[in-house]
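Asks: Its first residue numbered 230, the sequence shown is counted upward by one per residue in the working numbering.
Let me begin by handing over the structure; questions about it come next.
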Amino acid sequence: MSTEPEHHLLLVDQDLDYLDWATKHLGAEGLKILRCDRADKAAQVIKKAPIDVVICDIKLEPFDGVELLQRIRAASPETITILTAVSPTTSQIIEATQKGALDVLRKESLAFELRQVVESALQTVDHRREMGPLSEQRPGLAGKTTIIGVSRPLQDVMKVVGRVAHSDAPVLVTGESGTGKELVARSIHAYSPRRKKEMLVINCGAIPENLLESELFGHEKGSFTGAIARRAGRFEDSHESTLFLDEIGDLPASVQVKLLRVLQDGTFSRVGSNETQQTDVRIVTATNKDLAQEVSLGRFREDLYYRLNVVEIELPPLRDRQEDIAILAEFFLDRIARRNGTARMRLTGEAIEHLQKHRWPGNVRELENTMARACALALNDILLPEDIPIGRNPANMGGSLKDALALILELSERGQQNALEFVRDELIRHTLEQCDNDLKEASRLLGMTQANLKKRLPTASNA
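Written out as structure tokens, the structure reads:
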């Protein structure tokens, strides 16, 4: 006597060899596997048969896998959909996740990941059967992202972006300088219901403390010297949109109190006014500081930290995204050529290896600046390793510390300069170069205040 299978799985792909492999790879007792090579056929199957899990490629005919995902969600909201692609773009990952896909997997990793993801999905099916029908559905989405890369760490970030974009939950984006925190904030906004209005950006570390409160909350005429007229702040201008607060770790204590109030009840007052204003703003913040440590040191309010850190997205450094280095370098070369109206530079295989060996302390920003310098200095349109001026990788440097110290003493004597001053000036010069003359970032890396760094600039520049 035959028994009804416990689960139904639908495979959708134009590659018949892949369908054969996946059928064998996923075959298990109690699992019935159906197959389709076209999206329209799969949509008909969904309408006629109870399907628990669908695994479909993004590249399908006569419409793509994201469109099929939407049709599956409309016809059978409880069906779990997993998308696959040879090389999914970040916009495809965000859009698919936003529209309800459980996951987006690269085909080259399916042999290692597919079974585990499917087993997890089937466990979710069993759990839903115990708990009752699924009622929550994700809204639709339109928009684009400019984040470049195919690496798994970046894809994991994009999946989180897709999940949080539809909500109003505050998001804290963390990561090293130059990793693309503002781009992530823009992606969250672009895929959110607030995308019809422009996202506003303010760098909390770039505005003097006495002006930052006015910049954020506005001021009344005559409230301070120079306030010649009433002015709306960013919170008023961002009503029904998204406000991105970069370098939130540098927010002065006095402003932290007012920001906490906005997050609690959406109200604030302009500088010099007792009138309460109401605003509807989605807050996304970013920092390269350890805010938890800042809280423990008493420099950041604990209650504000937890209000901001409802969802944290940690961006991986470029050195952990090896697959993306060549893609990003080619992207920057394209953009430089279009911007300058010149022939596009080409990277040799050796040049790509040269780029991948560097640890990129300045991350994507450093890579972009490196490609710009290479294009400016190149003698022809083929870039060799020697044509790409990047920092020296400590892992590849020979010699001992004693040899390095001896060289420093020799160089300082040649210049008739105190060795300590020589080292300090060289370190400042090198750090500024790595940070693209960003004084704030350079002072952070050097462990000195911006004021002290500015005092050293004339010496460092003339040494």
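From the three backbone atoms N, C-alpha and C, an ideal C-beta is built for every residue, glycine too.
Please state whether the Cβ-Cβ distance between MET574 and ASP610 is less than 7 Å.
Replies: Along the sequence shown, one-based indexing puts residue 574 at 345. Along the sequence shown, one-based indexing puts residue 610 at 381. A contact, by the Cβ cut-off of 7 Å.
Asks: Per DSSP, what are the beta-bridge partners of PHE529 in this structure?
Replies: Numbered from its first residue, the sequence shown carries residue 529 at position 300. Bridge partners of PHE529: none, in fact.
Asks: Would you identify the three-state DSSP class for ARG459, choosing helix, strand or coil?
Replies: Here residue 459 refers to the residue found at position 230 of the sequence shown. Correct three-state label for ARG459: coil.
Asks: Work out the CA separation of ALA271 and LEU297 for me, nearest whole Å.
Replies: Walking along the sequence shown from the start, residue 297 turns up at place 68. Walking along the sequence shown from the start, residue 271 turns up at place 42. Looking at the two C-alpha atoms, the distance is approximately 8 Å.
Asks: Just to confirm the assignment, what range does the alpha helix (DSSP H) spanning CYS664 have?
Replies: Numbered from its first residue, the sequence shown carries residue 664 at position 435. Careful: CYS664 lies outside any alpha helix (DSSP H) and carries neither H nor E.
Asks: Tell me whether the beta-carbon of LEU537 lies closer than 7 Å to the beta-carbon of PRO422.
Replies: Working through the sequence shown from its first residue, we reach residue 537 at position 308. Working through the sequence shown from its first residue, we reach residue 422 at position 193. No, Cβ-Cβ distance for LEU537 and PRO422 is not below 7 Å.
Asks: Quick one: is SER231 buried, meaning 16 or more other Cβ sit within 10 Å of its Cβ, or exposed?
Replies: Indexing the sequence shown from 1 puts residue 231 at position 2. For SER231, the predicted model reports a pLDDT of 46, less than 50, meaning its position is unreliable; a value from the coordinates is still stated below. So SER231 ends up on the exposed side.
Asks: How do the region 248 to 259 and the region 268 to 282 stand: do at least 3 beta-carbon pairs fall below 8 Å, yes or no?
Replies: Flag = no, the region 248 to 259 and the region 268 to 282 do not touch.
Asks: Roughly how many angstroms lie between the CA atoms of VAL393 and THR326, to the nearest whole one?
Replies: For the purposes of this step, residue 393 is taken as the residue at position 164 of the sequence shown. For the purposes of this step, residue 326 is taken as the residue at position 97 of the sequence shown. Approximately 10 Å, taken between the alpha carbons.
Asks: Taking C-beta to C-beta, are GLY447 and GLU465 nearer than 7 Å?
Replies: In the sequence shown, residue 447 corresponds to position 218, counting from 1. In the sequence shown, residue 465 corresponds to position 236, counting from 1. Result yes, Cβ atoms of GLY447 and GLU465 sit closer than 7 Å.
Asks: Does the beta-carbon of VAL241 have 16 or more other beta-carbons within 10 angstroms, so that it is buried, or is it exposed?
Replies: As a first step, residue 241 is located in the sequence shown; it is residue number 12 there, counting from the start. Buried.
Asks: Where does ARG673 sit, in a helix, a strand or coil, going by DSSP?
Replies: The count along the sequence shown starts at 1 and reaches residue 673 at position 444. Helix, per DSSP.
Asks: Only counting the same chain, and skipping five residues up and downstream in sequence, which positions put a Cβ closer than 8 Å to that of PRO291?
Replies: For the purposes of this step, residue 291 is identified with residue 62 of the sequence shown, where counting begins at 1. Excluding residues within five positions, the ones whose Cβ falls inside 8 Å are ARG267, ALA268, ASP269.
Asks: With 16 other CB atoms within 10 Å as the buried threshold, where does ARG185 fall?
Replies: Any question about residue 185 goes unanswered here, given that the chain covers just 230 to 692.
Asks: Nearest to ALA419 by CA position, among GLU438, GLU405, SER396, is which residue?
Replies: Counting from one through the sequence shown, the residue named residue 419 turns up at place 190. Closest option to ALA419, Cα to Cα, is SER396.
Asks: Measure the CB-CB distance between LEU674 and THR660 and report whether it falls below 7 Å.
Replies: For the purposes of this step, residue 674 is identified with residue 445 of the sequence shown, where counting begins at 1. For the purposes of this step, residue 660 is identified with residue 431 of the sequence shown, where counting begins at 1. Contact flag set, yes.
Asks: What's the gap between the Cα of ILE457 and the Cα of SER443?
Replies: To locate residue 457, count along the sequence shown from 1; it is residue 228. To locate residue 443, count along the sequence shown from 1; it is residue 214. Cα to Cα, the separation comes out at about 13 Å.
Asks: Ignore the nearest five residues each way along the sequence and tell me which others in PRO618's own chain have a CB closer than 8 Å to its CB.
Replies: As a first step, residue 618 must be located in the sequence shown, where it is residue number 389. If we look at PRO618 and ignore the five residues flanking it on each side, its Cβ neighbours are THR599, ARG602, ALA603, LEU606.
Asks: Which term fits ASP249, buried or exposed, when burial requires 16 or more other beta carbons within 10 angstroms of its beta carbon?
Replies: For this step, residue 249 is matched to residue 20 along the sequence shown. Exposed is the call here.
Asks: In three-state DSSP terms, what is LYS586?
Replies: In the sequence shown, counting from the first residue as 1, residue 586 sits at position 357. Helix at LYS586.
Asks: Does the separation of the CB atoms of VAL295 and GLU342 fall below 7 Å?
Replies: Indexing the sequence shown from 1 puts residue 295 at position 66. Indexing the sequence shown from 1 puts residue 342 at position 113. No, the Cβ-Cβ distance between VAL295 and GLU342 is not below 7 Å.
Asks: Determine the DSSP secondary structure at ILE377, reduced to helix, strand or coil.
Replies: Stepping through the sequence shown from its first residue, residue 377 is reached at position 148. Reduced to three states, the DSSP call for ILE377 is coil.
Asks: Which one of LEU656, LEU596, ASN592, LYS684 has the shortest CA to CA distance from SER406?
Replies: As a working note, residue 406 is residue 177 in the sequence shown. Of the candidates LEU656, LEU596, ASN592, LYS684, the one whose C-alpha sits nearest the C-alpha of SER406 is ASN592.
Asks: Measure the C-alpha to C-alpha separation of GLY495 and ASP616 and round it to an integer number of angstroms.
Replies: Residue numbering aside, residue 495 sits at position 266 when the sequence shown is read from its first letter. Residue numbering aside, residue 616 sits at position 387 when the sequence shown is read from its first letter. Straight-line Cα distance between these residues: approximately 53 Å.
Asks: Quick check: the region 513 to 528 against the region 546 to 560, are at least 3 beta-carbon pairs closer than 8 Å?
Replies: Result no; under three Cβ-Cβ pairs closer than 8 Å.
Asks: Under three-state DSSP, which class holds GLN243?
Replies: As a working mapping, residue 243 is identified with position 14 in the sequence shown. Correct three-state label for GLN243: coil.
Asks: Just grab the DSSP bridge partners of LYS261 for me.
Replies: As a position in the sequence shown, residue 261 is number 32, starting the count at 1. The partner list for LYS261 (beta bridge, DSSP) reads HIS237.
Asks: Buried or exposed: which applies to LEU440, given that a residue is buried once 16 or more other Cβ atoms fall within 10 Å of its Cβ?
Replies: Working through the sequence shown from its first residue, we reach residue 440 at position 211. Its Cβ having fewer than 16 others within 10 Å, LEU440 is exposed.
Asks: Pop quiz: ILE309 and MET387 are said to be a contact at Cβ under 8 Å. What is the actual Cβ separation, rounded to whole angstroms?
Replies: Stepping through the sequence shown from its first residue, residue 309 is reached at position 80. Stepping through the sequence shown from its first residue, residue 387 is reached at position 158. No, ILE309 and MET387 are not in contact; Cβ-Cβ is about 19 Å, not under 8 Å.
Asks: So ASP281 and LEU351 are supposed to be a Cβ contact under 8 Å. How far apart are they, rounded?
Replies: In the sequence shown, counting from the first residue as 1, residue 281 sits at position 52. In the sequence shown, counting from the first residue as 1, residue 351 sits at position 122. Their Cβ separation, rounded to whole angstroms, is 7 Å, which keeps ASP281 and LEU351 in contact under 8 Å.
Asks: Between which two residues does the beta strand (DSSP E) containing ASN432 stretch?
Replies: Here residue 432 corresponds to residue number 203 of the sequence shown, with the count starting at 1. First-last of the beta strand (DSSP E) with ASN432: 429 to 432.
Asks: Just verifying my parser: in three-state terms, what is the DSSP assignment at ARG550?
Replies: Against the sequence shown, residue 550 aligns to sequence position 321. Looking at ARG550 - three-state DSSP - the assignment turns out to be coil, as it is neither helix nor strand.
Asks: Comparing alpha-carbon positions, which option in LYS586, LYS336, ARG499 lies nearest ASP286?
Replies: To locate residue 286, count along the sequence shown from 1; it is residue 57. Ranking the options by Cα distance to ASP286, first place goes to LYS336.
Asks: Express the C-alpha separation of ILE436 and LYS487 in angstroms, rounding to a whole number.
Replies: Start at 1 with the first residue of the sequence shown, and residue 487 comes out as number 258. Start at 1 with the first residue of the sequence shown, and residue 436 comes out as number 207. Their backbone Cα atoms lie some 17 Å apart in a straight line.
Asks: Please report the Cβ distance between PRO481 and GLU438, rounded to the nearest whole angstrom; I am assuming they are in contact, meaning their Cβ atoms lie under 8 Å.
Replies: Taking the sequence shown and counting its residues from 1, the one referred to as residue 481 is at position 252. Taking the sequence shown and counting its residues from 1, the one referred to as residue 438 is at position 209. The pair is a contact, with the Cβ atoms about 5 Å apart (cut-off 8 Å).
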